[in-house]
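**Student:**
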Amino acid sequence: MALTVKHLNGDASFLLTFEPPVPSSKPFRILLDPWITPGPSKVFHSRISTTTREEPACVSSLLELPDLDLIIISQDKSDHCNKATLQQLPRSTTALLLAEPNAARTIRGWKYFDKDRVRAIPRWEDPKATTRQTVIRIPIPSVLPGEPGEITVALITQSYDLSGLHNAIGITYRPPLLADHRPNRSYNPLTPPATPRSHRSDAHLCSTFASHHLSPTPTPTPTHPLRSVRSTSSLTTTSETTNSPLAHRPLSVIFSPHGIPYTSLQSYTTSHLVLEAALPLTALLHCFDCATNPWWLGGKLLLGAPAGMETARRLGARALISAHDGAKAVSGFGTGFLRTRTWRREEVAGEGEEEEEEEQWAVP
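Counted from 1, the sequence shown has number 36 at position 36 by full-length UniProt numbering; the numbering is strictly sequential.
1. Which residues mark the beginning and the end of the alpha helix (DSSP H) in which Y112 is found?
2. For L301 and T311, which I take to be in contact (beta-carbon distance under 8 Å), what is that distance rounded to the nearest angstrom?
3. CA-CA distance, L63 and K128?
4. Alpha carbon to alpha carbon, how far is L97 from N82?
5. Decide if D11 is buried, meaning its Cβ has at least 16 other Cβ atoms within 10 Å, or exposed.
6. With P306 as the anchor, note down where its alpha helix (DSSP H) starts and where it stops.
7. Between the segment 295-309 and the segment 267-275, do at least 3 Cβ pairs fall closer than 8 Å?
8. The beta strand (DSSP E) spanning residue 369 covers which residue range?
9. Rounded to a whole number of angstroms, what is the C-alpha to C-alpha distance between C108 and I151?
10. How would you write the range of the beta strand (DSSP E) that T85 sits in, first residue to last?
11. Helix, strand or coil for L155, going by three-state DSSP, please let me know.
12. Just verifying my parser: in three-state terms, what is the DSSP assignment at P101?
13. Would you identify the three-state DSSP class for E55, choosing helix, strand or coil?
14. Which partner residues of V135 appear in the DSSP bridge assignment?
15. Leaving aside the five residues before and after F337 along the sequence, list all residues of the same chain whose C-beta is less than 7 Å from its C-beta, in chain order.
16. Which same chain residues, not among the five before or five after W343, have their C-beta less than 7 Å away from its C-beta?
17. According to DSSP, simplified to helix, strand and coil, what is L284?
18. Roughly how many angstroms lie between the CA atoms of residue 391 and D116, to the nearest whole one?
19. Could you check which residue in T172, D33, P21 has the C-alpha nearest to that of P257?
20. Give the straight-line distance between the Cα atoms of L16 and R174, rounded to the nearest whole angstrom.
21. Suppose you measure from the CA of E100 to the CA of P148; what does that come to, to the nearest Å?
22. Around the C-beta of P172, are 16 or more other C-beta atoms found within 10 angstroms, so that it is buried, or is it exposed?
23. Once the 5 residues before and after S267 are set aside, which same chain residues still bring their CB inside 7 Å of it?
24. Would you mind working out which of S25, S92, N9, T93 sits nearest C58, comparing C-alpha positions?
25. Tell whether a beta-carbon distance below 9 Å holds between F28 and L86.
26. Go ahead and pull the three-state DSSP assignment for A95.
27. Using DSSP bridges, identify the partner residues of A2.
28. If you run the structure through DSSP and keep just helix, strand and coil, what is I36?
29. Using a 10 Å radius around the Cβ and a threshold of 16 neighbouring Cβ atoms, would you call D67 buried or exposed?
30. I'd like to check one pair, I72 with I169: are the Cβ atoms closer than 9 Å?
31. Should W110 be labelled buried (16 or more other beta-carbon atoms within 10 Å of its own) or exposed?
32. How should P90 be labelled, buried or exposed, when 16 other C-beta atoms within 10 angstroms of its C-beta is the threshold for buried?
33. State the DSSP-derived secondary structure class of I107, mapped to helix, strand or coil.
34. Contact check, A283 vs P250 under 8 Å by CB: the rounded distance?
35. Looking at the structure shown, is R318 part of a helix, part of a strand, or coil, going by DSSP?
36. Secondary structure at L297, three-state DSSP: helix, strand or coil?
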């Protein structure tokens with residue numbers, strides 16, 4: 001069993017492919033925040049904020065991708081919920097669209113997709129504090145004779161978030177299994193494995209897919225500081241055999257393109273991920289760069305590597321992958337006060353010499 005992560009643009013568009021350990025089962029594919037078409041993304045009005053990718057996406061149409069099972073939209077802004085890109089799909093698409101509530105309202109307003117195929121993701125609430133079901137569960141048909149699999153999707157938000165940008169999508173994948181390969185569901189790994197590896201998308205993604213291939217986590221071992229680990233531009237690990245209990249351990253992904261503090265994720269991780277036996281985390285997709293506006297223009301827009309590294313350390317993430325950090329041209333009143341701090345992959349991974357210097361912020 002493995003997870004392949006493909007970065008489709010220099011922004012927050014990813015294709016996740018979950019490959020089951022049973023050869024007769026088909027992969028489960030999830031598309032995140034597709035923005036493929038050229039042209040700018042506007043916030044409210046072009047005079048306020050306009051963003052244009054400086055490099056094209058790796059594909060020119062969503063129709064070039066393999067069949068999709070699920071599309072997830074994390075924000076209602078057009079660089080995440082892009083009308084021109086999503087309408088490249090046929091109206092009759094069989095893929096289910098799950099979206100943050102405002103984004104779901106926007107998509108339904110287009111009156112393009114069958115309304116039954118668009119569903120809002122409820123905001124995560126700790127099950128101990130509510131009787132509502134706030135996790136969406138999607139069954140994966142079984143391979144007869146065997147046990148069906150399941151995808152779970154949750155939307156975790158940050159409290160008191162002025163910008164409304166700092167949320168995360170939590171995903172777990174449990175594959176369908178043959179009858180003689182059913183794992184012991186009582187296994188509940190709580191100790192993170194070796195330190196997460198970090199990946200930063202480079203500026204020339206569009207010439208080919210940036211792909212990260214992840215298999216189930218090996219037996220947990222003590223962690224070390226994230227910055228002490230050396231990393232390469234891709235991660236390939238050896239899959240366990242189909243008969244190994246580790247081969248059937250659920251895979252888990254957290255996707256937070258604008259970043260989210262670990263404190264906002266803690267309830268989700270200590271309840272849902274623990275109950276699903278989905279720790280250590282397989283992959284964290286998180287912004288590396290920091291971006292800040294004055295409070296009256298949204299304040300912190302990208303929390304960047306510091307927040308991502310803390311979450312990766314605490315959850316023992318196998319991979320920390322850069323999201324939303326590609327080169328972009330920005331204009332408009334809302335960007336005139338923007339300050340950014342770029343984090344290189346080597347800094348996040350801890351490669352190279354540690355330098356005692358002040359952080360350098362760029363002001364457009």
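C-beta: ideal position from N, C-alpha, C; glycine also. These figures come from a predicted structure and were not determined experimentally.
**Tutor:** With the structure as the only source:
1. Per DSSP, Y112 belongs to no alpha helix (DSSP H) and is neither H nor E.
2. In this structure, L301 and T311 do not form a Cβ contact; the two beta carbons are roughly 18 Å apart against a cut-off of 8 Å.
3. Cα to Cα, the separation comes out at about 42 Å.
4. Near 13 Å, if we compare the C-alpha coordinates of N82 and L97.
5. When all chains shown are included, D11 counts as buried.
6. It spans 304-315 - the alpha helix (DSSP H) in which P306 sits, taken as one unbroken run.
7. By the Cβ criterion, the segment 295-309 is not in contact with the segment 267-275, since fewer than three pairs of Cβ atoms, one from each stretch, lie closer than 8 Å.
8. For residue 369 there is no data in the structure shown, the boundaries of the chain being 1 and 364.
9. For the record, residue 108 in the displayed sequence is Arg; it is not Cys. Distance between the alpha carbons of R108 and I151: 23 Å.
10. Where T85 is concerned, there is no enclosing beta strand (DSSP E), although the alpha helix (DSSP H) around it starts and stops at 83-86.
11. In the structure shown, L155 sits in a strand (DSSP, three-state: E or B).
12. The three-state secondary structure of P101, taken from DSSP, is helix.
13. In the structure shown, the three-state DSSP call for E55 is coil.
14. DSSP lists no partner for V135.
15. Once the five neighbours on either side are set aside, the close Cβ partners of F337 are N293, P294, L297.
16. Listed in chain order, the non-local C-beta contacts of W343 below 7 Å within the same chain comprise F288, D289, G304, A305, local neighbours out to five positions each way being set aside.
17. DSSP, read as helix, strand or coil, puts L284 in strand.
18. As shown, the chain starts at 1 and ends at 364. That puts residue 391 outside it, with no answer to give.
19. For the residues T172, D33, P21, the minimum Cα distance to P257 belongs to D33.
20. Answer to the nearest angstrom: the Cα atoms are 14 Å apart.
21. Rounded to whole angstroms, E100 to P148 spans 27 Å at the Cα level.
22. According to the sequence displayed, residue 172 carries Thr and not Pro. Classification of T172: buried, given that the 10 Å Cβ count is 16 or more.
23. So the list reads D126, once near-sequence residues are dropped.
24. The residue with the shortest Cα to Cα distance from C58 is N9.
25. Their beta carbons are not under 9 Å apart, which means F28 does not touch L86 by this criterion.
26. Coil, per DSSP.
27. Bridge pairing for A2: E19 [DSSP].
28. DSSP places I36 in coil when its eight states are reduced to three.
29. That one is exposed.
30. Result yes, Cβ atoms of I169 and I72 sit closer than 9 Å.
31. Exposed, by the Cβ-count rule.
32. Counting other Cβ atoms within 10 Å of its Cβ, P90 stays below 16 and is therefore classed as exposed.
33. In the three-state scheme derived from DSSP, where H, G and I count as helix and E and B as strand, I107 is classed as helix.
34. Between the beta-carbon of A283 and that of P250 there is about 13 Å, and that puts the pair past the 8 Å contact cut.
35. In this structure, R318 counts as coil in the three-state DSSP scheme.
36. In the structure shown, L297 falls within a helical segment according to DSSP collapsed to helix, strand and coil.
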